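In what follows, a structure is listed as structure tokens, so that the remarks can point back to it.
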Amino acid sequence: MTLGQKIRRFRKRAGLSQLALELAIEASPGSLSRIENGKVNPTKETIIEIARVLKLKTSEIASLFGLEIYDRNHLFEEVTEILSTHSLQEVLDRTVNSLIFKMGYITSCIFLVRGDNVEFSSLTSSNLSAKGLACLDRPLSSLSLSLTRDTSNLTVKAIKEKRVYFTHHTRDYTVPAVTVETADKIQAATGDKSNIIYPLFTDGAPFGAIAYVKKIVNDFRDERETLGVITRQIAVAIQNAKKFEALEGRPRELCESGY
27 MTLGQKIRRF
37 RKRAGLSQLA
47 LELAIEASPG
57 SLSRIENGKV
67 NPTKETIIEI
77 ARVLKLKTSE
87 IASLFGLEIY
97 DRNHLFEEVT
107 EILSTHSLQE
117 VLDRTVNSLI
127 FKMGYITSCI
137 FLVRGDNVEF
147 SSLTSSNLSA
157 KGLACLDRPL
167 SSLSLSLTRD
177 TSNLTVKAIK
187 EKRVYFTHHT
197 RDYTVPAVTV
207 ETADKIQAAT
217 GDKSNIIYPL
227 FTDGAPFGAI
237 AYVKKIVNDF
247 RDERETLGVI
257 TRQIAVAIQN
267 AKKFEALEGR
277 PRELCESGY
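First residue of the sequence shown: 27, per our numbering; consecutive thereafter.
Next comes the structure, spelled out in structure tokens:
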């Protein structure tokens with residue numbers, strides 16, 4: 027079944043005409059007909075908007091991206107490629123920009139600990155993320171949370187307690203790195219409805235967290251087991267890349283010191 031055929035099937039199941047769905051996602055007249063007939067390919071943002079209006083399940087959203095959410099072998103192929111990457115930045119980027127969409131989520135953010143700070147290290151690159159970033163008065167890379175002071179923040183709690191936290195509110199895991207007002211603006215701009223934050227740790231030592239975001243109201247119940255397995259692999263990939271980059275830097279230091 028083609029992407030257009032899947033969208034048509036989900037649309038008819040929801041009882042919407044092509045025009046009604048076009049109006050709901052603010053698409054131009056006739057665009058849905060072209061998508062359903064395979065004449066044009068929708069952007070990932072359009073797919074996400076269609077999924078939101080049709081209230082699709084995560085597994086159904088993933089199928090629109092060519093992947094069944096519970097096809098672990100397919101997901102793990104992507105994870106294996108990430109594990110073989112030695113560049114930390116590439117690991118972060120591939121996680122939030124490739125793996126996330128294949129899992130059916132609209133965006134993701136990775137937080138990494140540096141000293142007492144929890145830094146916003148990588149965010150999905152998309153039109154939706156751009157809308158959120160436009161609400162900030164400074165670069166994302168300058169934002170951070172404190173492990174010792176911001177103890178009620180869900181990102182900090184996930185890291186310190188090595189527990190998974192769920193929320194419908196962006197503010198719960200971003201304030202006070204941003205103000206409550208800014209967090210609410212971001213949520214309104216992106217349409218963020220559901221968030222789940224997993225700790226990143228290896229050998230029992232936490233070093234960060236990852237937030238998965240949906241544009242529908244959902245508790246992630248159906249995919250929590252899969253998310254747990256994949257998140258653990260992401261954590262290993264990040265730590266391996268850190269170690270590799272540290273080893274690469276060591277010979278350079280020895281040469282510069284004359285050894």
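Just so you know, even glycine gets a beta-carbon here, dropped at the ideal spot from N, CA and C. Just so we're clear, the structure is a prediction, and the values are computed from it rather than from any experiment.
- Beta-bridge partners of S170 (DSSP): E145.
- Straight-line spacing of the CA atoms in I223 and L47 works out to 31 Å.
- A check of alpha carbon separations from E52 across A40, K65, I76 identifies I76 as the nearest.
- Ranking H195, S220, F91 by CA distance to the CA of K211 puts H195 first.
- Taking F91 as the centre and dropping the five residues before and after it, the same chain places the C-beta of K70, I73, F127, K128, G130 closer than 8 Å to its C-beta, in chain order.
- The C-beta separation of A215 from C161 comes to about 6 Å, placing the pair in contact by the 8 Å criterion.
- Distance between L109 and V255, taken at the CA atoms: about 14 Å.
- Spanning the alpha carbons of T111 and V139 requires a straight line of approximately 21 Å.
- Taking C-beta atoms as the reference points, I185 and K219 fail to come closer than 8 Å.
- Taking the Cα positions, G64 is about 38 Å away from L166.
- By the beta-carbon neighbour count (other beta carbons within 10 angstroms, threshold 16), R120 is buried.
- For A160, the secondary structure class from DSSP, reduced to helix, strand or coil, is coil.
- Under DSSP, N221 forms a beta bridge with T193, V239.
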